[in-house]
Structure formats: structure tokens, C-alpha cells
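Participant: Everything in the sequence shown is counted per the UniProt record's numbering, starting at 1 for the first residue and increasing by one.
Have a look at this one.
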Amino acid sequence: MSDNPVNTNSPGRPKDMAKRQAILEAAKNLFLSNGYANTSMDAVALEAGVSKLTVYSHFNDKETLFTAAVVAKCEEQLPVMYFELPAGMPVEAVLLNIARGFHRLINSEESVNLHRLMMTTGNQDVKLSQIFFEAGPMRMLQGMERLLGKIDQSGALSIDKPFRAAEHFFCLLKGTANFCLLYGCGGQLSEAAAEEHVREVVGLFMRAYRP
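Structure follows, in C-alpha cells:
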């Protein structure tokens, strides 16, 4: 069978979220083990234990499914609500929550393997690289940009270029340890070392943008 989308515009019961989650998990596993090009919608359906029609009822095509899988992985560690500025919560606490979530995300086995996959296939499929970048890194940068703009307006920090500041924040968090994981020449940091790194980055960021 081909990976052409199936028309799913007819009315029906609300989509089964358990099946949707199973499809996302299957897609994530297959994309990481087989690569994007070698993963078909048929294979995802078989892995998830659903019909191909069910897969298409949730995701129009393979690109949409890949995008959703990347977004779902990011949201596991960094839900959208992390990029809010709750009334009464210190800015440092908000930044620490984001920093911890991002640090866990980028150093997870799935994330490391996905980045290795993109480095391997990126030059062969620029469109796929763009899909990944927009669904993962760019989505987080934009969320952080909006948050930092609110923090600037609150007066807690002085951030005249929120997007650039977001880039600095996430790049500082990646650190040397993440490069070592990607290259296969280092292991996971201990919880204590990870927390120390996160706190140092947030402290440095706060000092850099303090009014």
C-alpha cells in the first residue's frame, strides 16, 4: 500500500485518544529504529495494533505523523504551561522549571537518538530537517520568546531581544555533556550534577538580564 492520505472528513465518533497515543508511540519507535524513509503508515498501523484507516483518521500523512511525534516528545518534558508566567511565582522558579524539563528532554535516550537520526538524514532530506526543526527546537524557542517578552514587560528582567535571549538560554543548557552524549563519548550526568548545571545556567541568565 502507498502512504497517500485517506479522506477522513466524514462525521463519526470522537477519536480514541488511547489509539492516538499508541500510534504516536509506534511512530516514534519506528522512526528511530528504521529511519523516516523506511517507515510506512502500514508499518505504524501494524505496530500500534490499529487499522491503516485509523492511522489516517488521526494523521493525514506521514509528515503530519512525524511532526506530531516530535511535538509529543517535547511536551512530555516541556508542557505548554511551562512557558506561562503565573502570578506570584518568582521568575527564577519559572526558568528553573523550564531548564530542568529541557535538560531532561535533550539528554533522554530518545532525543539523543532522534538528533543522531536527523544528523544522518538531514543532508538527504532538507524538508524533513525543516519539519523537525519547526516541530521541536523552533517551537520551544518561540514559546520561550513569548515568555521572556512577558518577563521583560513585568520588569523582573530587562530583555530587549527575547528570541536571542531564548537561544542563549537553551544553548547554555545543552552544555558539553550533551555533545558528549551525541558523540557517544560520555554518559548521563548524575541528578546532582544535572541540577547543579541547571542552577548555574539560570543564575547566569538572571545576572545577564537583571535590570
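Note that the Cβ used here is the ideal one computed from N, Cα and C, for glycine as well.
The structure displayed is predicted, hence computed values, not measured ones.
(1) With hydrogens ignored, establish whether the beta-carbon of A177 is closer than 7 Å to any heavy atom of the ligand MN.
(2) If we call anything under 8 Å between Cβ atoms a contact, is K28 one with E109?
(3) Have a look at N178, N38, E200, N97 and flag the residue whose alpha-carbon is nearest the alpha-carbon of Q77.
(4) Considering only the alpha carbon of each residue, which of A177, L95, N178, L181 lies closest to L204?
(5) What is the rounded straight-line gap between the Cα of G88 and the Cα of G155?
(6) What is the residue span of the alpha helix (DSSP H) that T54 lies within?
(7) Three or more C-beta pairs closer than 8 Å, one from the region 16-26 and one from the region 46-66: is that the case here?
(8) Quick one: is K73 buried, meaning 16 or more other Cβ sit within 10 Å of its Cβ, or exposed?
(9) So, under 8 Å CB-CB, F132 and V44 are touching, yes? Tell me the CB distance rounded to an integer number of Å.
(10) At which residues does the alpha helix (DSSP H) containing A37 begin and terminate?
(11) Using the Cα positions of H168 and L148, report the straight-line distance between them to the nearest angstrom.
(12) Hey, how far is the Cα of A193 from the Cα of A26?
(13) Could you tell me whether the region 196-203 touches the region 160-175, where touching means 3 or more Cβ pairs closer than 8 Å?
(14) Taking the straight line between their C-alpha atoms, what separation do you get for G186 and R116?
(15) Under the rule that 16 or more other beta-carbon atoms within 10 Å means buried, what is N107, buried or exposed?
(16) Rounded to the nearest angstrom, what separates D61 and L85 at their Cα positions?
(17) Ends of the alpha helix (DSSP H) at N123?
Facilitator: Looking at the coordinates:
(1) Among the ligands in the structure shown, none appear at all, so the ligand MN cannot be discussed.
(2) No, Cβ-Cβ distance for K28 and E109 is not below 8 Å.
(3) For the options N178, N38, E200, N97, the alpha carbon positioned closest to that of Q77 is the one of N97.
(4) Nearest C-alpha to L204: L95.
(5) C-alpha separation (whole angstroms): 14 Å.
(6) Where T54 is concerned, the enclosing alpha helix (DSSP H) stretches over 52-58.
(7) Contact check between the region 16-26 and the region 46-66: three or more CB pairs, one atom from each, fall below 8 Å, which counts as touching.
(8) Under this definition K73 is a buried residue.
(9) Actually they do not touch by this definition, with Cβ atoms about 17 Å apart.
(10) A37 -> no alpha helix (DSSP H), and no H or E assigned at all.
(11) Taking the straight line from one Cα to the other gives about 12 Å.
(12) A direct Cα-Cα distance of roughly 33 Å separates A193 from A26.
(13) Yes: at least three Cβ pairs fall under 8 Å.
(14) Distance between the alpha carbons of G186 and R116 is about 15 Å.
(15) By the neighbour-count rule (16 or more Cβ atoms within 10 Å), N107 is buried.
(16) If I take the Cα positions, the gap works out to 35 Å.
(17) For N123, there is no enclosing alpha helix (DSSP H), as DSSP gives it neither H nor E.
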